[in-house]
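Beneath this line is the structure, given in structure tokens, with notes to follow.
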Amino acid sequence: MTLHDHAPAASAASAASAASAASGPSAAPAAPATSAASAARVVRALHPLVRAEATAEAPAAAVDPADLEQAVWLRLMERLAAVGPPDDSARWVRDSVRAEARRARRRARHEHPYAGREPVAGPSGCPERTALRAAERRALRAAVARLPRRCSRMLEAMLAPGDPTYREIAGELGMSQGSLGPMRSRCLGCLRRMLAAEVVAPELRG
0 MTLHDHAPAA
10 SAASAASAAS
20 AASGPSAAPA
30 APATSAASAA
40 RVVRALHPLV
50 RAEATAEAPA
60 AAVDPADLEQ
70 AVWLRLMERL
80 AAVGPPDDSA
90 RWVRDSVRAE
100 ARRARRRARH
110 EHPYAGREPV
120 AGPSGCPERT
130 ALRAAERRAL
140 RAAVARLPRR
150 CSRMLEAMLA
160 PGDPTYREIA
170 GELGMSQGSL
180 GPMRSRCLGC
190 LRRMLAAEVV
200 APELRG
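Each step along the sequence shown adds one to the number in numbering that gives the first Met the number 0, with nothing skipped, and position 160 is 159.
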């Protein structure tokens, strides 16, 4: 709802009172503030010009004239509460309307409406499942780090992001490729026993 939806005098009085209350009882203004009655007279005098300028500038800024007009009234109320009415009211209105229109154009350039429906995340893409998978990976790597040195090094190499081949892993560990498979089986068995011992048995419910 814009200020011009009400009678100009009532709008100015209420807006000026709101601006005075927002400044607080102890706040000292930088310059004499305009009274509600004076603000009403200023709004009444400028109302046709603000509406005409907003109506003229709104199409180029791709905004509703009422929204543009409301922004200008807000700027005017702020000015009246702080320093009083402008010396050249007509020029101030034109400059303020154009400044608000430029702001609207800048906002429009940075806003990109989403076309289409919001994508629905599958079960594997929900945040809870992602967090659980991350926690499982951390627990697995912590368990691997507690294995004997040779097993820890081999399983860490197998879990590497680059997905190395058996030949690359064997070369990194300095062992033959043929002995890598049996050692992998022994290390995985050790890891399974370790993880099974750390799992807390579920409590019986009765």
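Just so it is clear, CB atoms sit at the ideal spot from N, CA and C, and this is done for glycine as well.
request  = Could you tell me how far apart the beta carbons of P64 and A53 are, in whole angstroms, since I believe they sit closer than 8 angstroms?
outcome  = The pair is a contact, with the Cβ atoms about 5 angstroms apart (cut-off 8 angstroms).
key: Inter-residue CB distance, A60 and A130 (contact presumed, cutoff 8 angstroms)   = No, A60 and A130 are not in contact; Cβ-Cβ is about 44 angstroms, not under 8 angstroms.
inquiry  = Just to confirm my understanding: we take L207, look at its own chain, exclude 5 residues before and 5 after, and list those with CB closer than 6 angstroms. What are they?
reply    = It is not possible to answer for residue 207, since the shown part of the chain is limited to 0 through 205.
ask   = By Cβ distance, which residues of its chain are closer than 7 angstroms to E56, with the 5 residues on each side in sequence left out?
value = The residues are L67, V96, R97 and A100.
ask   = Rounded to the nearest angstrom, how far is the Cβ of M153 from that of M182, given a contact under 8 angstroms?
value = With 8 angstroms as the limit, M153 and M182 qualify as a contact, their Cβ atoms being about 6 angstroms apart.
ask   = To the nearest angstrom, how far is it from the Cα of C189 to the Cα of C150?
value = Going by C-alpha positions, C189 is about 9 angstroms away from C150.
task = Spell out whether any CB of chain B is found under 8 angstroms from the CB atom of M182.
result = This model lacks chain B altogether, as it is built from one protein chain only.
Straight-line Cα distance separating R78 from L45 = Rounded to the nearest angstrom, the two C-alpha atoms are 14 angstroms apart.
query = Since V71 contacts V92 with CB under 8 angstroms, what's their CB separation in whole angstroms?
reply = Right, their Cβ atoms sit about 7 angstroms apart.
ask   = Can you tell me whether DSSP reads S88 as helix, strand or coil?
value = Under the three-state reduction of DSSP output, S88 falls in the helix class.
inquiry  = I need the DSSP call for P58, collapsed to helix, strand or coil.
reply    = Reduced to three states, the DSSP call for P58 is helix.
task = Go ahead and pull the three-state DSSP assignment for C95.
result = It should be noted that the sequence gives Ser, not Cys, for residue 95. In the structure shown, S95 sits in a helix (DSSP, three-state: H, G or I).
Endpoints, alpha helix (DSSP H) assigned at D66 = Segment P64 to A81, the alpha helix (DSSP H) holding D66.
ask   = Does the beta-carbon distance from L179 to Y165 come in below 8 angstroms?
value = Cβ distance < 8 angstroms, so L179 and Y165 count as in contact.
query = In angstroms, rounded to a whole number, what distance separates the CA positions of R132 and P160?
reply = Cα to Cα, the separation comes out at about 16 angstroms.
message = Is the separation between the beta-carbon of E171 and that of A156 shorter than 8 angstroms?
response = In contact: E171 and A156 (Cβ atoms closer than 8 angstroms).
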